[in-house]
Amino acid sequence: MINIVIFCVIVILYFGFEQHRDRQAYMAILLYGVYILIYEFVPPFPSVTSSHIGKLYGLVPMLSVGAILFPHFNTKSPEVVTRSIGWLGLLSVFVILAMFKILIW
Numbered sequence: 001m002i003n004i005v006i007f008c009v010i011v012i013l014y015f016g017f018e019q020h021r022d023r024q025a026y027m028a029i030l031l032y033g034v035y036i037l038i039y040e041f042v043p044p045f046p047s048v049t050s051s052h053i054g055k056l057y058g059l060v061p062m063l064s065v066g067a068i069l070f071p072h073f074n075t076k077s078p079e080v081v082t083r084s085i086g087w088l089g090l091l092s093v094f095v096i097l098a099m100f101k102i103l104i105w
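Dropping the structure here:
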């Protein structure tokens with residue numbers, strides 16, 4: 001459930017401080033929202049938990065959405081590179097979650 005709170009905080013920060021609205025940002029927010037709904041509410045759920053599962057399914061998508069919404073915080077790379085890495089992380093974890101929900105759990 002902490003993912004839902006973090007999602008709300010990220011969305012509020014984006015709409016509160018960003019002047020430039022981008023279609024990529026809306027798509028990332030929508031995809032992350034769908035991801036959280038699937039992860040939290042769609043069965044089956046893992047029978048065993050570990051900190052690695054929490055990091056993969058909680059931390060990676062959160063950081064990826066942060067990279068998509070706020071690419072200017074990474075001053076060492078161009079914004080295009082930061083957003084591309086964010087999309088790669090978000091889509092990869094989404095596909096991994098879907099495969100686990102369908103095939104393994």
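In case it helps, the UniProt record's numbering puts the sequence shown at residues 1 to 105. From the three backbone atoms N, C-alpha and C, an ideal C-beta is built for every residue, glycine too.
### Rounded Cβ spacing between residue 61 and residue 90 (contact assumed at less than 8 Å)
With a Cβ gap of about 6 Å, residue 61 and residue 90 count as contacting.
### Query
DSSP three-state call for residue 79: helix, strand or coil?
Reduced to three states, the DSSP call for residue 79 is helix.
### Rounded C-alpha distance that separates residue 45 from residue 76
Annotation: residue 45 to residue 76 spans about 39 Å, alpha carbon to alpha carbon.
#### Entry: Contact with chain B by residue 54, beta-carbon distance below 8 Å
Any reference to chain B falls outside this structure, which holds one protein chain only.
#### Entry: First through last residue of the alpha helix (DSSP H) which encompasses residue 33
Boundaries of the alpha helix (DSSP H) harbouring residue 33: 23-41, taken from the DSSP string.
### Task
Grab me the residues of residue 35's own chain with a C-beta within less than 8 Å of its C-beta, minus the 5 sequence neighbours each way, in chain order.
Closer than 8 Å at the Cβ level, and outside the excluded window around residue 35, lie 61, 90, 93, 94, 97.
### Enclosing alpha helix (DSSP H) for residue 58 [first to last residue]
Neither: residue 58 is in no alpha helix (DSSP H) and is coded neither H nor E.
### Message
Taking the alpha-carbon of residue 54 as reference, which of 81, 16, 19, 40 has the nearest alpha-carbon?
### Response
Minimum Cα distance to residue 54 is reached at 40.
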